[in-house]
């Protein structure tokens, strides 16, 4: 087997065994772009080897989407094909699994289109069906496929081999025993989450260039890390993952925050994003590029302008060690502390999944059809935890984890 | 616009305007392989330009299917994802349109797999849902995308440009006004069908090397050609199309027939297919390659071993003028007379669509989830029409149309 094929197989196997922890008899949905076919195929092979009942690959095509955004009638923008909703619902019904492939070959393909139309073209009902699945209904994972377009975005030239090396390092494929390396890594992150949970901070305070932000936390929320349990199956949803994260109180977010890394979203790259929050709601939004796309995105629904996640990452992650900007949230969010607009991590708040969305929102657990992370961490960012009694505990300084 | 892009756009426009006759507000389903992405994208653009409400491209992947055939549990072979059935049903419900892209980049990808498993892996429920659509429910069409693998199969090397020239000639893209050329061509074929309909032959007789076959015709069946009317929309289902065709009496087929061109089916190429029919049923099947695949295919259901279509093509078609074997039924069946196992052309028998399948079958109109054409025509094949009164009328001699 050629070395490249062997690497692809080992990566796919890691995704199936550690990312998904796919169980014999499961139906696996794979979401990929046409440009991701080699990895989708390798995942299919490894999934059948692991006893999958059936592997259903759905290939998206950004160029077909571009034609829709450019030319569809206003009223048809963002039409959600019911069969795509049906696919997600059925995967949930039968206890299937879901894996998505990241790594955008043309991350700015829609940059010249009308930003408002780009935002409106989002398939909301499909997105909501997907969120239902990933809220604990199925074991799921995201991995990435290095490709020429993505490499060109990262390096300025199509150096796919160099991107493979970076991705391989970030997902620990370059270790002697990746499964063992992941087991150890998961334990380390879970320990970090446990320490945060002991502290029971009332809120976090972020200070850095362009950032002065406080984020309230729920008294009952749990910091989570590395692996989730969905449908009774422990899985690692993100490969890589370097974060500890929880659901903040979406009513208690105040101040300004400046992104530290570009955000790839809907065929655009949002650069130098700045948001000002008041009582949890984003009231000012600026960006050096794709500001209109971001504004429309944040107007998707009531919760799209509020936070659903807060995540802490130190400066010494495997992703950070590559020294790269990936222009891909799966990687960049694991090199830097980040926050997410939109849907919460439902499992992080014990009582949240028992409430209807409206009741949850009233209690400060956000609800939205979007979940969009953006990176705010850097070695210059200081993060403190503040207890209800007023004690201030440094968490991050100079990229170092102090707890 | 580069010449190749312009050609792709013109081909896509011809497919949308003449093949589908897409109406403003229709939802269009596109069935393609990942390797067909450039044409799928061009079709999406032209469809939106023609007023499509939404274009849904479903990309199949033969390598993913191969993993399924090679490794799925016996009981799961041929699993039909309900969301794929749902996609077809929904397209029918909303009066959508459907276009499929042909041109197999790896036509023998499953040749080394167990032939019985290949045959069993067919998604029967998806196929049946597709047949419901193309039985008059939606305007549909098939076109083909020249690609390296297909060119290599045809020429022994990846001469895509040469294949484009042949395909362009076959679909009249090389004429000054392809739409006008098609209008004229459709009228000529319809005239040929009208002449056959006047004759009201009781049965056809085929004689040639390895072939001595009679095929009974229904008293009420209509010969059809070129364009269909589905959901009130006139469309050209096959581009190219050179045939006049109808539904035979599936009880009255007797004798032996030898295929004159290879048949590409389910990742295999069936060569030198020979079938003996008795009272309409295939009782002997031989082939020089993929015989087991063909046998399993013909055992799909009761009707898979009986004929559903008979089609006549002379030796002077635009496809035939290329002098090529395309290893693709869309083209090869339009260079040679052919017959099809399985599902009938329901619209060709006036009373057929009013009967339940079982009642139709009792009247000699076949029923099956397969519809598999194979080519039996050549310049050596003699085709006669025989009237109920015993008159014998030569139809084809030396590739010439004599009526």
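Protein chains in written order, with the working numbering: chain F, 1 to 403; chain Z, 1 to 403. Just so it is clear, CB atoms sit at the ideal spot from N, CA and C, and this is done for glycine as well.
Near-chain Z residues of the region 78-97 of chain F - C-beta to any C-beta below 8 Å
79, 81, 82, 83, 84, 86, 87, 90
Between the C-alpha atoms of residue 383 of chain F and residue 28 of chain F, what's the straight-line distance to the nearest angstrom?
On the first chain, residue 383 of chain F is found 383 positions in, with the first residue counted as 1. On the first chain, residue 28 of chain F is found 28 positions in, with the first residue counted as 1. Using only the alpha carbons, I get a separation of about 39 Å.
Residue 250 of chain F and residue 366 of chain F: beta carbons closer than 7 Å?
By one-based count along the first chain, residue 250 of chain F stands at place 250. By one-based count along the first chain, residue 366 of chain F stands at place 366. Taking 7 Å as the Cβ cut-off, residue 250 of chain F and residue 366 of chain F qualify as a contacting pair.
Does the structure place the region 116-136 of chain Z close enough to the region 295-302 of chain Z that three or more beta carbon pairs sit under 8 Å?
yes
With a cut-off of 8 Å on the beta carbons, I'd call residue 55 of chain Z and residue 30 of chain Z a contact; round off their distance for me.
As a first step, residue 55 of chain Z is located in the second chain; it is residue number 55 there, counting from the start. As a first step, residue 30 of chain Z is located in the second chain; it is residue number 30 there, counting from the start. Contact flag correct, Cβ pair sits at about 6 Å.
Helix, strand or coil, according to DSSP, for residue 310 of chain Z in the structure here?
Against the second chain, residue 310 of chain Z aligns to sequence position 310. Three-state result, residue 310 of chain Z: strand.
Under the three-state DSSP convention, the category residue 116 of chain F falls into
Here residue 116 of chain F corresponds to residue number 116 of the first chain, with the count starting at 1. Three-state result, residue 116 of chain F: helix.
Within 10 angstroms of the Cβ of residue 373 of chain Z, are there 16 or more other Cβ atoms? Answer buried if so, exposed if not.
Numbered from its first residue, the second chain carries residue 373 of chain Z at position 373. Residue 373 of chain Z comes out buried.
Kindly say whether residue 114 of chain F, judged by its beta-carbon, lies nearer than 7 Å to any beta-carbon of chain Z.
The count along the first chain starts at 1 and reaches residue 114 of chain F at position 114. No, residue 114 of chain F lies away from the interface with chain Z (no Cβ there is under 7 Å from its Cβ).
Taking the Cβ atom as the reference point for each residue, do residue 399 of chain F and residue 314 of chain F lie within a distance shorter than 7 Å?
Mapped onto the first chain, residue 399 of chain F falls at position 399. Mapped onto the first chain, residue 314 of chain F falls at position 314. Their beta carbons are under 7 Å apart, which means residue 399 of chain F touches residue 314 of chain F by this criterion.
Nearest-angstrom beta carbon gap, residue 111 of chain F and residue 268 of chain F [assumed within contact, 8 Å]
Position 268 of the first chain, counted from the first residue, corresponds to residue 268 of chain F. Position 111 of the first chain, counted from the first residue, corresponds to residue 111 of chain F. About 5 Å; that satisfies the 8 Å criterion.
For the region 196-217 of chain Z, which residues have a CB atom closer than 9 Å to at least one CB atom of chain F, in sequence order?
Cβ proximity to chain F below 9 Å picks out nothing from the region 196-217 of chain Z.
Residue range of the alpha helix (DSSP H) that residue 375 of chain F falls in?
Taking the first residue of the first chain as position 1, residue 375 of chain F is located at position 375. No alpha helix (DSSP H) holds residue 375 of chain F; the beta strand (DSSP E) holding it covers 371-375.
Contact belief for residue 274 of chain F with residue 256 of chain F at Cβ below 8 Å, rounded distance in angstroms:
Residue 274 of chain F sits at position 274 when you count from the first residue of the first chain. Residue 256 of chain F sits at position 256 when you count from the first residue of the first chain. Indeed, because the Cβ distance is near 7 Å, the residues count as touching under 8 Å.
Give me the Cβ distance between residue 40 of chain F and residue 32 of chain F, rounded to the nearest whole Å; I'm assuming they're in contact under 8 Å.
Working through the first chain from its first residue, we reach residue 40 of chain F at position 40. Working through the first chain from its first residue, we reach residue 32 of chain F at position 32. Contact flag correct, Cβ pair sits at about 4 Å.
Partner residues on chain F for residue 118 of chain Z, Cβ-Cβ distance less than 9 Å
In the second chain, counting from the first residue as 1, residue 118 of chain Z sits at position 118. Chain F residues near residue 118 of chain Z: none, gap ~15 Å exceeds 9 Å.
Could you pull out every residue in the same chain whose Cβ sits closer than 7 Å to the Cβ of residue 381 of chain Z, ignoring the five residues on either side in sequence?
In the second chain, counting from the first residue as 1, residue 381 of chain Z sits at position 381. Excluding sequence neighbours, residue 381 of chain Z sits near 206, 208, 211, 337, 396.
So does the region 324-343 of chain Z actually touch the region 141-149 of chain Z, counting three or more Cβ pairs closer than 8 Å?
Under the Cβ criterion (8 Å, minimum of three pairs), the region 324-343 of chain Z counts as touching the region 141-149 of chain Z.
Residue 264 of chain Z by DSSP, collapsed to three states: which one?
For this step, residue 264 of chain Z is matched to residue 264 along the second chain. The answer is strand: DSSP assigns residue 264 of chain Z an E or B state.
Residues in the same chain with beta-carbon distance under 8 Å from residue 162 of chain Z, minus the five sequence neighbours each way, listed in chain order, please.
For the purposes of this step, residue 162 of chain Z is taken as residue 162 along the second chain, with counting starting at 1. The beta carbon of residue 162 of chain Z lies closer than 8 Å to those of 151, 155 in the same chain, with the five residues before and after it left out.
Using beta carbons (cut-off 7 Å, strictly below), is residue 63 of chain F in contact with chain Z?
Locating residue 63 of chain F in the first chain gives position 63, counting from the first residue. Yes, contact with chain Z.
Touch check for the region 182-196 of chain Z and the region 350-360 of chain Z: three-plus C-beta pairs under 8 Å?
no
Per the DSSP calculation, residue 284 of chain Z is bridged to which residue(s)?
The sequence position of residue 284 of chain Z within the second chain is 284, counting from 1. DSSP lists Z:276 as partners of residue 284 of chain Z.
Per DSSP, what kind of secondary structure is residue 382 of chain F in: helix, strand or coil?
Here the question's residue 382 of chain F lines up with position 382 in the first chain. In the structure shown, residue 382 of chain F sits in a strand (DSSP, three-state: E or B).
Chain-ordered residues of the region 46-71 of chain Z with a beta carbon less than 7 Å from chain F:
Residues of the region 46-71 of chain Z with a C-beta atom less than 7 Å from some C-beta of chain F are 48, 49, 53, 54, 55, 56, 57, 59, 61, 63, 64, 67, 68, 71, listed in chain order.
I'd like to confirm the pairing. Which residues does DSSP put opposite residue 234 of chain F in its beta bridges?
Against the first chain, residue 234 of chain F aligns to sequence position 234. Looking at the DSSP assignment, residue 234 of chain F forms a beta bridge with F:229.
Cα-Cα, which of F:44, F:25, F:218, F:169 is closest to residue 320 of chain F?
Position 320 of the first chain, counting from 1, holds the residue named residue 320 of chain F. Nearest of F:44, F:25, F:218, F:169 to residue 320 of chain F, Cα basis: F:169.
Consider the Cβ of residue 348 of chain Z: report whether some Cβ of chain F lies at a distance smaller than 7 Å.
As a first step, residue 348 of chain Z is located in the second chain; it is residue number 348 there, counting from the start. Not one chain F Cβ lies under 7 Å of residue 348 of chain Z.
From the DSSP output, which residues share a beta bridge with residue 271 of chain F?
What you label residue 271 of chain F is simply residue 271 of the first chain in a count that begins at 1. Looking at the DSSP assignment, residue 271 of chain F forms a beta bridge with F:289.
Taking the alpha helix (DSSP H) that residue 168 of chain F belongs to, which residues open and close that run?
Counting from one through the first chain, the residue named residue 168 of chain F turns up at place 168. It spans 160-170 - the alpha helix (DSSP H) in which residue 168 of chain F sits, taken as one unbroken run.
Against chain Z: residues of the region 301-332 of chain F by CB proximity under 8 Å:
Under the 8 Å Cβ criterion, the region 301-332 of chain F contributes no residue.
If you draw a straight line from the alpha carbon of residue 51 of chain F to that of residue 72 of chain Z, how long is it in whole angstroms?
Working through the first chain from its first residue, we reach residue 51 of chain F at position 51. Working through the second chain from its first residue, we reach residue 72 of chain Z at position 72. Going from the Cα of residue 51 of chain F to the Cα of residue 72 of chain Z covers about 8 Å.
Per-residue DSSP class, three states only, for residue 140 of chain Z:
The residue given as residue 140 of chain Z occupies position 140 in the second chain. If DSSP states are grouped into helix, strand and coil, residue 140 of chain Z belongs with the strands.
I need the DSSP call for residue 100 of chain F, collapsed to helix, strand or coil.
By 1-based counting over the first chain, the position of residue 100 of chain F is 100. Of the three classes helix, strand and coil, the one that applies to residue 100 of chain F here is strand, per DSSP.
Mind checking whether residue 342 of chain Z and residue 371 of chain Z have CB atoms under 7 Å apart?
For the purposes of this step, residue 342 of chain Z is taken as residue 342 along the second chain, with counting starting at 1. For the purposes of this step, residue 371 of chain Z is taken as residue 371 along the second chain, with counting starting at 1. For residue 342 of chain Z and residue 371 of chain Z, yes; Cβs fall inside 7 Å.
Nearest to residue 244 of chain F by CA position, among F:9, F:401, F:18, F:43, is which residue?
Along the first chain, one-based indexing puts residue 244 of chain F at 244. Nearest option by C-alpha distance: F:401.
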